[in-house]
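Numbering (my numbering), first residue to last: 771 to 932.
Positions of the beta carbon are idealized from the N, C-alpha and C atoms, including for glycine.
Worksheet: the structure to be examined is printed underneath.
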């Protein structure tokens, strides 16, 4: 289960997280939040962080937006702590998730809904890529062991089966 397994940090290529988001029609966004929360929990040594609950909170109106803000604010604090040149804006990420959540359940062949679907997918992809880029920057800038950029077999499996 995502809440009990310790995942090693890894720099994910941005094209992979973007492809997973697009191929999953945006559902990779909460998955990414949970997976990255596992890495952040281990990095901060904060056992009160619950990755599964964090990911699922995205489906609770209002509260999910707070969790996304909290997620990106933590990444920004970590970037500031290591003196990384690039930072993230938690409010921008939260606005992206608001756009995603308002549109991701509206699938129809009507032209308006096709436009909304495209907006939802663009918002989810932008949020995940924005967050992953920031995490990649953090993994490069932090002291300690180098964190390799790598793909897992599950990444390939998810992309091929979609």
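Practice item. Quick one: give me the first and last residue of the alpha helix (DSSP H) that residue 918 is part of. Key: That residue, residue 918, is in no alpha helix (DSSP H); it is neither H nor E in DSSP.
Point to revise | Among 918, 917 and 905, nearest to residue 842 - alpha-carbon criterion | key: Nearest C-alpha to residue 842: 905.
Check your understanding: Roughly how many angstroms separate the alpha carbons of residue 866 and residue 834, rounded to a whole number?
Key -> 12 Å
Exercise for review: List the whole-angstrom C-beta distance separating residue 894 from residue 784, where the pair is believed to meet the contact cut-off of C-beta under 8 Å.
Suggested key: Actually they are not in contact, since the Cβ atoms of residue 894 and residue 784 sit about 14 Å apart, beyond 8 Å.
Practice item. Using 10 angstroms around the beta-carbon of residue 885, count the other beta-carbons present and answer buried if the total reaches 16, otherwise exposed. Key: Exposed is the label assigned to residue 885, since fewer than 16 other Cβ atoms lie within 10 Å of its Cβ.
Review point. DSSP on residue 912, reduced to helix/strand/coil?
Key: coil
Check your understanding: Can you tell which of 789, 844, 825 and 830 has its C-alpha closest to the C-alpha of residue 816?
Key -> 844
Review point. DSSP three-state call for residue 856: helix, strand or coil?
Key: coil
Point to revise | Inter-residue spacing [alpha-carbon to alpha-carbon] between residue 782 and residue 806 | key: 11 Å
Check your understanding: Can you tell me the Cα-Cα spacing of residue 823 and residue 859, whole angstroms?
Key -> 23 Å
Check your understanding: Buried or exposed: where does residue 907 fall if 16 or more other Cβ atoms within 10 Å of its Cβ makes it buried?
Key -> buried
Review point. Closest by CA to residue 820, which one among 836, 868 and 808?
Key: 808
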